[in-house]
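Report on one structure; see the data block that follows.
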Amino acid sequence: MMSFKMDIATKLLFGSGQLNNLHQEELPGKKALIVISNGTSAKKYGYLEKTEEQLKKAGAETVLFDQIEANPLKSTVMAGARMAADNNCDFVVALGGGSSMDAAKSIALMAVNEGDYWDYIPGGTGKGKEVKNTPLPVIAITTTAGTGSEVDRGTVITNSETNEKIGFIHPDLLPEIAVVVQN
Numbered sequence: 001m002m003s004f005k006m007d008i009a010t011k012l013l014f015g016s017g018q019l020n021n022l023h024q025e026e027l028p029g030k031k032a033l034i035v036i037s038n039g040t041s042a043k044k045y046g047y048l049e050k051t052e053e054q055l056k057k058a059g060a061e062t063v064l065f066d067q068i069e070a071n072p073l074k075s076t077v078m079a080g081a082r083m084a085a086d087n088n089c090d091f092v093v094a095l096g097g098g099s100s101m102d103a104a105k106s107i108a109l110m111a112v113n114e115g116d117y118w119d120y121i122p123g124g125t126g127k128g129k130e131v132k133n134t135p136l137p138v139i140a141i142t143t144t145a146g147t148g149s150e151v152d153r154g155t156v157i158t159n160s161e162t163n164e165k166i167g168f169i170h171p172d173l174l175p176e177i178a179v180v181v182q183n
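All residue numbers for the sequence shown refer to UniProt numbering, where the first residue is 1 and numbers rise by one.
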């Protein structure tokens, strides 16, 4: 398959070996919270190590949050947001599939906004409050195909307290850079 690089609303690096070029991109910050699932594939197949290496090569520090479950929970998002804020992370890197992408974007929102994630959800039992602070920038590195979350403004998070799984769209949740990993 042919490799390419294309600037759209999200800068898209697509094709075999493109993760190796991440260090050449202008990063949106100096300290990243890397968000991965609580499974093993990001570590087992070397994606985490390669991502950390590329970010370090570009001059960024990293903090790892590896607790994302399938159908990410609001409570996990809040824990990730606390970790990002407590460690003074100024951008978020989503690594993995749709669950990691959605959780990372939600973490980016809550790292700089007060209250509970569900305060901002406009549907169901959410309160639909206005987002006051621009979410942290996101870099999305997808290792699976399917959701398209690496190039969209939406998230889907589950609230286990209310038994709701609701999508949320915000214009500032669009990742700045997306890397589509192919093997």
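For each residue, glycine too, the CB sits at the ideal point set by N, CA and C. Remember, it's a predicted structure, so these values are computed and weren't measured experimentally.
Same chain only: Cβ atoms within 8 Å of residue i, ignoring 5 sequence neighbours per side
i: glutamate 69; result: Ser37, Asn38, Thr76, Ser99
i: methionine 78; result: Met110, Asp116, Tyr117
Per DSSP, the bridge partner or partners of residue i
i: serine 37; result: Ile68
i: alanine 32; result: Thr62, Phe91
i: asparagine 159; result: Glu164
i: glycine 96; result: Thr142
i: glycine 154; result: Ile169
Limits of the alpha helix (DSSP H) - the one that residue i falls within
i: leucine 73; result: Premise fails: leucine 73 is in no alpha helix (DSSP H) and is neither H nor E.
i: threonine 144; result: Where threonine 144 is concerned, there is no enclosing alpha helix (DSSP H), given that its DSSP letter is neither H nor E.
i: glutamate 49; result: 47-57
Range covered by the beta strand (DSSP E) that runs through residue i
i: glycine 167; result: 164-169
Residue i beta carbon near the ligand GTP (any heavy atom closer than 8 Å)
i: cysteine 89; result: The model on display carries no ligand, and the ligand GTP is accordingly not part of it.
Rounded Cβ spacing between residue i and residue j (contact assumed at less than 8 Å)
i: proline 28; j: glutamate 150; result: Going by Cβ atoms, the distance from proline 28 to glutamate 150 rounds to 15 Å, so no, they are not a contact pair.
i: leucine 19; j: valine 179; result: 5 Å
i: residue 223; j: isoleucine 34; result: This structure does not reach residue 223, given that the chain is present from 1 up to 183, and the question cannot be answered.
i: histidine 23; j: lysine 57; result: 4 Å
Nonlocal neighbours in the same chain, by C-beta distance under 6 Å from residue i, ignoring five residues either side
i: aspartate 7; result: Caution applies to aspartate 7, whose pLDDT of 48 falls short of 50 and renders its modelled position unreliable; the model cannot decide the point.
i: proline 60; result: The amino acid at residue 60 is misidentified as proline; the sequence shows alanine. Cβ neighbours of alanine 60 beyond the five flanking positions: Leu27, Lys30, Ala32.
Residues near residue i by beta carbon distance below 7 Å, same chain, minus five either side
i: aspartate 66; result: Ile36, Asn38
**OP:** Could you say if the segment 102-114 and the segment 123-140 meet the contact criterion of at least three C-beta pairs nearer than 8 Å?
**Re:** At 8 Å Cβ cutoff, the stretches touch.
Subject >> the segment 139-147 touching the segment 159-168, judged by at least three CB pairs closer than 8 Å >> reply: Short answer: they don't touch.
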